[in-house]
Amino acid sequence: MKHQMPESHSTHPNVVPLIDIIMCLIIFYMLIAKIGVDTGEDETIKLPFGRLGKEIKSMDKSLLVNVKEVNGQPEISAMIDSTSGKGRENLFLEGGGSGRRFVDVLKKLRKDFGDDFKLIVRGDQDMTFSVLQQVLLSAAQANVKSLNFQTTTKQAPAGSEG
Amino acid sequence: MKMKGAKKVHYESGPDMTPLVDVVMVLLIFLMLVGKFGAPNRYLVSDMPISSSGAASAPVDPNEIPKEPVVITVTSPYKGKFTAFAGTITSSDPADLSAKVEGLIKAKLAAGTAMKDIQVYIKPARNVRYNNVVDVYSAIVSAAERLQKGTIKIGFQTSEG
């Protein structure tokens, strides 16, 4: 008895392997990609390398502040209310600027969230401690109990230090 | 005019996969464009209040400052490099510093201090870069992790000037 491939199969391309691969890719992206999570991170900041430390899964009751050094002074920005749609705003150490005072923001959040409030510092690896110190002092003034320093597990290529 | 010998094609046979492929492709492109990728981040946690000294100051509850903390002073003799001092130890390398801090912790444990009561303060100079501060911090964390006797408390002291 002679078997013959149906004519329809011989004329259509077989898309089953294509769909298999695409489905695998979709599942991969759905599992790995972070979608719709915006904590106000400044992507231009070069994080210091650190393999140790904890993972923070939930960003509830926390504020992520971007800190970098500009002309020897700290430049602080944060997205204080992610639901407002305002995005990141600059915060100031001293009053009288066009924005809010950093310490006032911390005090308000500390009052709202209590001891569970976490301050996450996303600092530029090249800033000096004199800049970081001012952020730490503001946190101390606001009685923030938990400080977290964000690091990256990706090592910067050799010779990239400024 | 119908040509003789032309193949008869059965387009109706089998399910039509085109809409499925369309939807799946749209999903794939959406995820590729919207998703954020990158190396996972870690967080070095400090749950001790900053201790003040010198001109920089902050109100700190005196009860929260330990009586005999380990204070690691960090200086930066060259840009991007650090030297750490604690008592008699000196180190400019994170791995070496970690081993020496482990020795300090062991000495504290031998003296009867519980692991959870050991408190380490990092006191960097004003010109020390943040990545060097993180190096010192990581060295202390790894020293405590190697001992496998729990975690220690790590905090900061403000520098003079």
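From first to last, the protein sequence lines stand for chains A and B. The first sequence begins at 1 in our numbering and counts up by one. The second sequence begins at 1 in our numbering and counts up by one. We put the CB at the ideal spot given by N, CA and C, even for glycine. From a predicted model like this one, the values you see are computed outputs, not experimental measurements.
Practice prompt. Buried or exposed for Asn71 of chain A, please, with buried defined as at least 16 other CB atoms from any protein chain shown within 10 angstroms of its CB.
Written response: With fewer than 16 neighbouring CB atoms inside 10 Å of its own CB, Asn71 of chain A falls in the exposed class.
Practice prompt. Report the option in A:Ser146, A:Leu137, A:Val121 and A:Ser98 whose CA atom is closest to the CA atom of Phe113 of chain A.
Written response: In terms of Cα proximity to Phe113 of chain A, the closest of A:Ser146, A:Leu137, A:Val121 and A:Ser98 is A:Ser146.
Fill in: Distance between beta carbons of Asn131 of chain B and Ser76 of chain B, contact taken as under 8 Å
So it is not a contact: roughly 11 Å between Cβ atoms.
Worksheet entry | Reduced DSSP secondary structure (H/G/I, E/B, other) of Lys68 of chain A | Secondary structure at Lys68 of chain A: strand, using DSSP grouped into helix, strand and coil.
Practice prompt. Within its chain, find whatever has a CB closer than 6 Å to the CB of Arg88 of chain A; leave out the 5 residues flanking it on each side and keep chain order.
Written response: The beta carbon of Arg88 of chain A sits closer than 6 Å to the beta carbons of Gly40, Ser77 and Met79 from its chain, once the five residues preceding and following it are set aside; these are given in chain order.
Discussion item. Give me the residue from B:Ala99, B:Arg42 and B:Pro69 with the minimum Cα distance to Leu147 of chain B.
Written reply: Out of B:Ala99, B:Arg42 and B:Pro69, B:Ala99 has the C-alpha closest to the C-alpha of Leu147 of chain B.
Practice prompt. Name the residue from A:Ser138, A:Gln133 and A:Arg122 whose alpha carbon lies nearest to the alpha carbon of Gly50 of chain A.
Written response: A check of alpha carbon separations from Gly50 of chain A across A:Ser138, A:Gln133 and A:Arg122 identifies A:Arg122 as the nearest.
Practice prompt. Spell out whether any CB of chain A is found under 9 Å from the CB atom of Ala99 of chain B.
Written response: Chain A, which has no Cβ nearer than 9 Å to the Cβ of Ala99 of chain B, makes this no.
Worksheet item: What do you get for Leu31 of chain A, buried or exposed, if any count of 16 or more other CB atoms within 10 angstroms of its CB means buried?
Response: By the neighbour-count rule (16 or more Cβ atoms within 10 Å), Leu31 of chain A is not buried but exposed.
Worksheet item: Counting contacts by CB-CB distance shorter than 9 Å, is Val163 of chain B in contact with chain A?
Response: Residue 163 of chain B is absent from the model: chain B starts at 1 and stops at 161.
Worksheet entry | 8 Å Cβ shell around Ala140 of chain A - same chain, five flanking residues per side excluded | Exclusion of the five residues before and after Ala140 of chain A leaves no residue of its chain whose Cβ lies closer than 8 Å to its Cβ.
Item to complete: Apply the 10 Å Cβ neighbour rule to Lys57 of chain A and answer buried if 16 or more other Cβ atoms are within range, or exposed otherwise.
Response: Exposed is the call here.
Discussion item. List, in chain order, every chain B residue whose beta-carbon is nearer than 9 Å to that of Ser54 of chain A.
Written reply: Note that residue 54 of chain A is Lys in the sequence shown here, rather than Ser. Neighbourhood of Lys54 of chain A in chain B, by CB distance below 9 Å: Arg42, Tyr43, Leu44 and Val45, in chain order.
Item to complete: Step through the CB atoms of chain B and report whether any lies within less than 9 Å of the CB of Pro48 of chain A.
Response: So yes, Pro48 of chain A belongs to the interface.
Discussion item. Does chain A have any CB closer than 9 Å to the CB of Thr83 of chain B?
Written reply: Answer no: the Cβ-Cβ gap between Thr83 of chain B and chain A never drops below 9 Å.
Worksheet item: Is Gln155 of chain A buried or exposed, if buried means 16 or more other CB atoms sit within 10 Å of its CB?
Response: With fewer than 16 other Cβ atoms within 10 Å, it is exposed.
Item to complete: Express the C-alpha separation of Tyr43 of chain B and Asn148 of chain A in angstroms, rounding to a whole number.
Response: Whole-angstrom Cα-Cα distance: 6 Å.
Discussion item. Rounding to the nearest angstrom, what Cα-Cα distance links Ile26 of chain A and Ser138 of chain B in this structure?
Written reply: In this structure, the CA atom of Ile26 of chain A is about 37 Å from the CA atom of Ser138 of chain B.
Worksheet entry | Three-state secondary structure (DSSP) of Ser142 of chain B | Judged by DSSP in its simplified three-state form, Ser142 of chain B adopts helix.
Discussion item. Let's see if you can read the secondary structure: which residues bound the alpha helix (DSSP H) around Arg110 of chain A?
Written reply: Looking at the DSSP string, the run of the alpha helix (DSSP H) that includes Arg110 of chain A is Phe102 to Phe113.
Discussion item. So for Ile152 of chain B, helix, strand or coil by DSSP?
Written reply: Reduced to three states, the DSSP call for Ile152 of chain B is coil.
Practice prompt. Report back the beta-carbon spacing between Met48 of chain A and Gln133 of chain A to the nearest angstrom; my notes put them in contact at under 8 Å.
Written response: Just to set this straight, residue 48 of chain A is Pro in the shown sequence, not Met. About 16 Å; that fails the 8 Å criterion.
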